[in-house]
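Peer 1: After the structure tokens below, expect a handful of questions from me.
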Amino acid sequence: MIEGHARSLAKAFSWRISASIWTVAIAFIFTRKVFLSLSIGAAEFVTKIFFYYIHERIWEKINFDRKRPEYEI
């Protein structure tokens, strides 16, 4: 099966939201500054979602350990 662009984007956003919440929490533990922690989380969200999407699209082109379904409907 081929994964579409919309699915790759949905996966990227769902992962980044949860991961960014943890980044903000960890940044706050270290800095105790809300605005700085949120800024770090926002910067991390924007940059990493871009790189994650590119990573997913590259892997979509790689057939490593992919199995063809025995049947398709």
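So for the sequence shown, the working numbering puts the first residue at 63; every next one is plus one.
Beta carbons are placed, not taken as given, at the ideal position from N, Cα and C, and that holds for glycine.
1. Count the other CB atoms, across all protein chains shown, that sit within 10 Å of the CB of S76; report buried if there are 16 or more and exposed otherwise.
2. Hey, would you say V86 sits closer than 8 Å to S99, going by beta carbons?
3. Which first and last residues belong to the alpha helix (DSSP H) in which G103 is found?
4. Less than 7 Å separating the Cβ of E122 from some heavy atom of the ligand MG?
5. Note down, in chain order, each residue of its chain lying with its Cβ closer than 7 Å to the Cβ of R119, except the 5 sequence neighbours on either side.
Peer 2: The relevant details are as follows:
1. S76 should be labelled exposed.
2. Yes, the Cβ-Cβ distance between V86 and S99 is below 8 Å.
3. Here the alpha helix (DSSP H) through G103 covers V96 to E122.
4. This structure lacks the ligand MG, and indeed carries no ligand of any kind.
5. Only S70 meet the Cβ criterion.
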